[in-house]
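Since the structure comes first, as structure tokens, the remarks are kept for the end.
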Amino acid sequence: MSATDPYIETRDAWVEFPIFDAKSRSLKKAFLGKAGGAIGRNNSNVVVVEALRDITMSLSLGDRVGLVGHNGAGKSTLLRLLSGIYEPTRGSATVVGRVAPVFDLGVGMDPEISGYENIIIRGLFLGQTRKQMAAKVDEIAEFTELGDYLAMPLRTYSTGMRVRLAMGVVTSIDPEILLLDEGIGAVDAEFLKKAQTRLQKLVERSGILVFASHSNEFLARLCKTAMWIDHGTVKMTGGIEEVVGAYEGPDAARHVREVLAETRDQA
Numbered sequence: 155m156s157a158t159d160p161y162i163e164t165r166d167a168w169v170e171f172p173i174f175d176a177k178s179r180s181l182k183k184a185f186l187g188k189a190g191g192a193i194g195r196n197n198s199n200v201v202v203v204e205a206l207r208d209i210t211m212s213l214s215l216g217d218r219v220g221l222v223g224h225n226g227a228g229k230s231t232l233l234r235l236l237s238g239i240y241e242p243t244r245g246s247a248t249v250v251g252r253v254a255p256v257f258d259l260g261v262g263m264d265p266e267i268s269g270y271e272n273i274i275i276r277g278l279f280l281g282q283t284r285k286q287m288a289a290k291v292d293e294i295a296e297f298t299e300l301g302d303y304l305a306m307p308l309r310t311y312s313t314g315m316r317v318r319l320a321m322g323v324v325t326s327i328d329p330e331i332l333l334l335d336e337g338i339g340a341v342d343a344e345f346l347k348k349a350q351t352r353l354q355k356l357v358e359r360s361g362i363l364v365f366a367s368h369s370n371e372f373l374a375r376l377c378k379t380a381m382w383i384d385h386g387t388v389k390m391t392g393g394i395e396e397v398v399g400a401y402e403g404p405d406a407a408r409h410v411r412e413v414l415a416e417t418r419d420q421a
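Counting the sequence shown from 1 gives a position; our numbering is that position plus 154.
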């Protein structure tokens, strides 16, 4: 690994959210539902949600890691830690490289301006320059198939149209570190297939991928290894087939094995 290569390293990293009104059962439930983890107390004896606990990982150029686990297990929180949105409350997290966090496809878009203008704005949010995005506008427009709607305000778009626009922008960039949380939906099957093909090319251009998904097939196509997150901790790491098998059982592992074989045959 050269000095300029991207890398990710966390050591015994914790992410905790304090709950100052610990008597509020509904508030605790809300935090647990959003962040996962467990209820505990920090060094100041404040009640906290332990969203992530003792996370140690080291990723370098070429690594492709899929995150598996139930909703609320901590996968999204881990992606936000790696993106710098959350700071570790204990331990350390070091991320070197240009990060493209793709969590909410609608973040960084303005409903009052046109689709064309939103292409630029969303690109800036993802770390691109205005000049870089201006050079990509025509290609993104062709991919979205939105035609004249691109000249209209985003508030006139359906949910599916917004997803098309956001996907066009997200998949046009060249990230060193790609942090991807699944959420591609509200589009027709034909466009989704087109988007997945484009997403695969985006992954190939990225230096490091960390991908949280419930689709074992997509994980098998995009990732080399997997990490099982459970209640804010790393329960297991290893090959995708091995980890998915431990998490979901032999049928899921067999499906992953078939997808991996198909992917090798296509290579």
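Built from N, CA and C at the ideal position, the CB exists for glycine as well.
Minimum C-alpha distance to residue i - residue among the options
| i | options | result |
| --- | --- | --- |
| residue 235 | 168, 296 and 378 | 168 |
| residue 307 | 278, 273, 328 and 334 | 273 |
| residue 415 | 375, 381 and 249 | 375 |
| residue 312 | 265, 159, 213 and 290 | 265 |
| residue 310 | 233, 380, 268 and 287 | 268 |
| residue 225 | 395, 278, 412 and 382 | 382 |
| residue 300 | 237, 373, 318 and 281 | 318 |
| residue 346 | 368, 298, 373 and 331 | 298 |
| residue 384 | 247, 209, 396 and 324 | 209 |
Residue span of the alpha helix (DSSP H) that contains residue i, given as start and end
| i | result |
| --- | --- |
| residue 396 | 394 to 402 |
| residue 275 | 269 to 279 |
| residue 327 | Segment: none, residue 327 is in no alpha helix (DSSP H) and carries neither H nor E. |
| residue 296 | 284 to 298 |
| residue 371 | 370 to 376 |
| residue 221 | Per DSSP, residue 221 belongs to no alpha helix (DSSP H); it is in the beta strand (DSSP E), 218 to 222. |
Beta-carbon contacts of residue i that lie in its chain and below 6 Å, excluding the five residues immediately before and after
| i | result |
| --- | --- |
| residue 270 | 304 |
| residue 378 | 218 |
| residue 334 | 256 and 365 |
| residue 302 | none |
| residue 401 | 222 and 382 |
| residue 253 | 237 and 331 |
Continuous beta strand (DSSP E) stretch holding residue i: start and end
| i | result |
| --- | --- |
| residue 332 | 331 to 335 |
| residue 165 | 161 to 172 |
| residue 210 | 201 to 214 |
| residue 379 | 379 to 384 |
Cut-off 8 Å between Cβ atoms - residues of its own chain near residue i, not counting five sequence neighbours on either side
| i | result |
| --- | --- |
| residue 293 | 326 |
Close Cβ partners of residue i (< 7 Å) along its chain, the five nearest in sequence each way excluded
| i | result |
| --- | --- |
| residue 370 | 398, 406, 409 and 410 |
Whole-Å CB distance - residue i paired with residue j, under 8 Å assumed
| i | j | result |
| --- | --- | --- |
| residue 161 | residue 245 | That pair is no contact at about 17 Å. |
| residue 263 | residue 320 | 7 Å |
| residue 164 | residue 211 | 5 Å |
| residue 368 | residue 412 | In fact, because the Cβ distance is near 18 Å, the residues do not count as touching under 8 Å. |
Report yes or no: do three or more beta-carbon pairs, one from the stretch 353 to 369 and one from the stretch 216 to 235, lie closer than 8 Å? Contact between the stretch 353 to 369 and the stretch 216 to 235 is established, with three or more Cβ pairs separated by less than 8 Å.
Closer than 8 Å is the cut-off here; do at least three beta carbon pairs connect the stretch 381 to 398 with the stretch 344 to 358? no
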